[in-house]
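> I'd like to ask you about the structure that follows.
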DNA sequence: CCAGGGTGTCAGCATCTTCTGACAGGGGGG
DNA sequence: CCCCCCTGTCAGAAGATGCTGACACCCTGG
């Protein structure tokens, strides 16, 4: 149930999501345990809106998941945790993913 | 079998190098066999200067190697081939690499 | 001489991402 | 009342990146 070969587009999204110092740091921080936006922003010393954007990017790539938890007293806190992803990066896996790049419906010469 | 743990900076370079549709396509094309700049540009239908830049990026990240071969008749052809890299991408490997992230060689301090 | 194939580099433009400050709100407690 | 905690969204500056056409050069063959 793991290591399902990602489509080229999916692989690209993951790579693009991880290709940033801040986002790497965020993943590393979440790997040690869940946290919420404001707390994480304080720990990593970055603006909340900025961190918010990065978290959304990571979530869009499927690397982290966010859950808005509303406590019984009504206050809302959005918890983020890392998804136990695992992907192997080699010339072969890249070559296997590339043909499934782009829409994949038809058209091969798109430029 | 060189599973040497990459430094954060190194990992970031590889990820950034791979986070591009064109560059993924280039790696895939080279995975099927070596080629040289002009020929590859023709096959992938892109400008030579552009492909040249992408190849340099990939080479800087250590994913491909280029060798300028001067034939006995004097004509020069730069052959490129893919390096058999292999890196495992998981929350743990990211967390392990992040502490060795550098802010840019020297002097530059994080804000 | 001229056409053709190759490498390497450049200035400049179009475009995308990143980042910031300020805003909208929700709710709890002195 | 005011102050504190949290989420979510915005316009727009600032900067990095992708991309193009044109140029420099070398060598071979008609």
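Chains as they are written, first to last, in UniProt numbering: chain A, 1 to 111; chain B, 1 to 111.
Note that beta-carbon positions come from the ideal geometry of N, C-alpha and C, so glycine has one too.
Since the structure is predicted, the reported quantities are computational estimates derived from the model, not experimental observations.
To which residues of the same chain is residue 57 (chain B) closer than 6 Å at the C-beta, ignoring the five residues directly before and after it?
These residues qualify, in order along the chain: 17.
> Distance cutoff 8 Å, beta carbons only. Does residue 109 (chain B) sit that close to anything in chain A?
Residue confidence for residue 109 (chain B) is low, a pLDDT of 40 falling below 50, so the modelled location carries little weight; the figure read from the coordinates is stated next. Not closer than 8 Å to any Cβ of chain A, the Cβ of residue 109 (chain B) fails to qualify, so no.
> Do residue 80 (chain B) and residue 35 (chain B) have their CB atoms nearer than 8 Å?
Result yes, Cβ atoms of residue 80 (chain B) and residue 35 (chain B) sit closer than 8 Å.
> Does the contact criterion of 3 or more C-beta pairs under 8 Å hold for the region 87-105 of chain A versus the region 4-14 of chain A?
Touching, per the Cβ criterion.
> Quick check: the Cα distance between residue 30 (chain B) and residue 65 (chain B), rounded to an integer number of angstroms?
The alpha-carbon atoms of residue 30 (chain B) and residue 65 (chain B) are separated by roughly 10 Å.
> Who are the neighbours of residue 85 (chain B) on chain A, taking C-beta pairs under 9 Å?
Those within 9 Å of residue 85 (chain B) in chain A are 89, 90 and 91.
> In this structure, how does DSSP classify residue 62 (chain B) when only helix, strand and coil are distinguished?
DSSP places residue 62 (chain B) in coil when its eight states are reduced to three.
> Under a Cβ-count criterion, where at least 16 other Cβ atoms within 10 Å of its own Cβ denotes burial, should residue 43 (chain B) be classed as buried or exposed?
Result: exposed.
> Can you round the beta-carbon distance between residue 55 (chain B) and residue 37 (chain B) to whole angstroms, since I take them to be within the 8 Å contact cut?
Indeed, because the Cβ distance is near 7 Å, the residues count as touching under 8 Å.
> What's the call for residue 19 (chain A), buried or exposed, on a 16-neighbour Cβ count within 10 Å?
Classification for residue 19 (chain A): buried.
> Spatial neighbours of residue 27 (chain A) within its chain, please: C-beta separation below 8 Å, excluding the five flanking residues on both sides.
18, 58, 63, 64 and 82.
> Among residues of its own chain, excluding the 5 on either side of residue 8 (chain B), which ones have a beta-carbon nearer than 6 Å to its beta-carbon?
Excluding sequence neighbours, residue 8 (chain B) sits near 97, 98, 100 and 101.
> Name the chain A residues that come within less than 8 Å of residue 25 (chain B), Cβ to Cβ?
Chain A residues near residue 25 (chain B): 98 and 101.
> Quick one: residues in its chain with C-beta nearer than 6 Å to the C-beta of residue 93 (chain B), no 5 flanking neighbours on either side, listed in chain order?
Excluding sequence neighbours, residue 93 (chain B) sits near nothing in its chain.
> Check each candidate in B:6, B:71 and B:46 and name the one with the smallest Cα separation from residue 125 (chain B).
A query on residue 125 (chain B) cannot be resolved here, the shown segment of chain B reaching from 1 to 111 and no further.
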